[in-house]
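Read the structure below first, then the notes.
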Amino acid sequence: MSLIQQSGTKRLSLRGSVTSRPAGIRVGLETLIFALAFGFTVAVVLGLIP
8 MSLIQQSGTK RLSLRGSVTS RPAGIRVGLE TLIFALAFGF TVAVVLGLIP
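All the letters of the sequence shown, read from the start, carry residue numbers 8 to 57 under the numbering used here.
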């Protein structure tokens with residue numbers, strides 16, 4: 008029980024530190040990562056990357 012609570016508080020504190028950053032930077036990073044992953048997946052599907 009205490010172990011689950013500890014991991015929960017760790018997750019909450021991590022989320023808090025992320026949200027304390029400017030929202031624009033966080034959204035931009037998430038969009039950039041998503042775009043990179045999406046582009047890589049499309050390239051693999053189309054056979055551009057062996």
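Glycine residues also receive a C-beta, built at the ideal position from the N, C-alpha and C atoms.
No experiment lies behind these values; they were computed from the predicted model shown.
Straight-line CA distance for residue i to residue j?
i   : j   : result
A42 : G54 : 18 Å
V33 : I40 : The displayed chain sequence assigns Arg, not Val, to residue 33. Cα-Cα distance, rounded: 11 Å.
G31 : F45 : 21 Å
G35 : V51 : 24 Å
With burial defined as no fewer than 16 other Cβ atoms inside 10 Å of the residue's Cβ, what is the status of residue i: buried or exposed?
i   : result
M8  : With a pLDDT of only 47 at M8, under the threshold of 50, the placement of this residue in the model should not be trusted; the figure read from the coordinates follows. By the 10 Å Cβ count, M8 comes out exposed.
G15 : Low local confidence applies: a pLDDT of 47 at G15 is under 50, so the model's placement there is unreliable, with the coordinate-based value given in what follows. By the neighbour-count rule (16 or more Cβ atoms within 10 Å), G15 is not buried but exposed.
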